[in-house]
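Asker: Quick one: structure below, then a few questions.
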Amino acid sequence: MARFTTEIIDSVLHRKKEERENYRIYTLHKLQSVLEELSKIILFKEAYIFGSVTKKYLFSEQSDVDIGFIGLDDKDFFKAMSFISERIGMDVDIVQLDHNRLKDIIQKEGIPWKKNG
Numbered sequence: 009m010a011r012f013t014t015e016i017i018d019s020v021l022h023r024k025k026e027e028r029e030n031y032r033i034y035t036l037h038k039l040q041s042v043l044e045e046l047s048k049i050i051l052f053k054e055a056y057i058f059g060s061v062t063k064k065y066l067f068s069e070q071s072d073v074d075i076g077f078i079g080l081d082d083k084d085f086f087k088a089m090s091f092i093s094e095r096i097g098m099d100v101d102i103v104q105l106d107h108n109r110l111k112d113i114i115q116k117e118g119i120p121w122k123k124n125g
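Per the working numbering, the very first residue in the sequence shown carries number 9; after that it's consecutive.
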């Protein structure tokens, strides 16, 4: 009886996993530069990238991007969301952390964004 092997499917799955991981890393770098751009037109104190984009091998092209802001004015909420979404070509969920019950968790587990210069 012929022996069944999963080498081909394993290879394909591994390649896809690595492609997703490279896309996650690319997205994180892109987010850093987009947040830098955003900081020049909208005032905010801090930003934290969180969710699946911060977790190795969990992010995919179907994922959205989660960003928490401290010091983002209500009037700038949707402008910030659309600005980021347009530039990265993905859905973006933003959260105002100033009085959010998840603030401590997001600050602890998220990736802090720091303004250059």
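Think of the CB as a built atom: it goes at the ideal place given N, C-alpha and C, for glycine as much as any other residue.
Can you find the residues in the same chain that come closer than 6 Å, C-beta to C-beta, to Val73, ignoring five residues on each side of it along the sequence?
Answerer: For Val73, where only same-chain residues beyond five positions count, the Cβ hits under 6 Å are Val61, Met98 and Val100.
Asker: If we cut at 7 Å on Cβ distances, does Phe86 have a partner in chain C?
Answerer: No chain C appears in the structure shown, which is made up of a single protein chain.
Asker: In this structure, how does DSSP classify Asp82 when only helix, strand and coil are distinguished?
Answerer: Looking at Asp82 - three-state DSSP - the assignment turns out to be helix.
Asker: Exposed or buried, what is Tyr34 when buried is set at 16 or more other beta-carbons lying within 10 Å of its beta-carbon?
Answerer: With fewer than 16 other Cβ atoms within 10 Å, it is exposed.
Asker: For Ser47, I'd like the list of residues in its chain whose CB is within less than 6 Å of its CB, leaving aside the five on either flank, ordered along the chain.
Answerer: Taken in chain order, the residues that qualify are Lys123.
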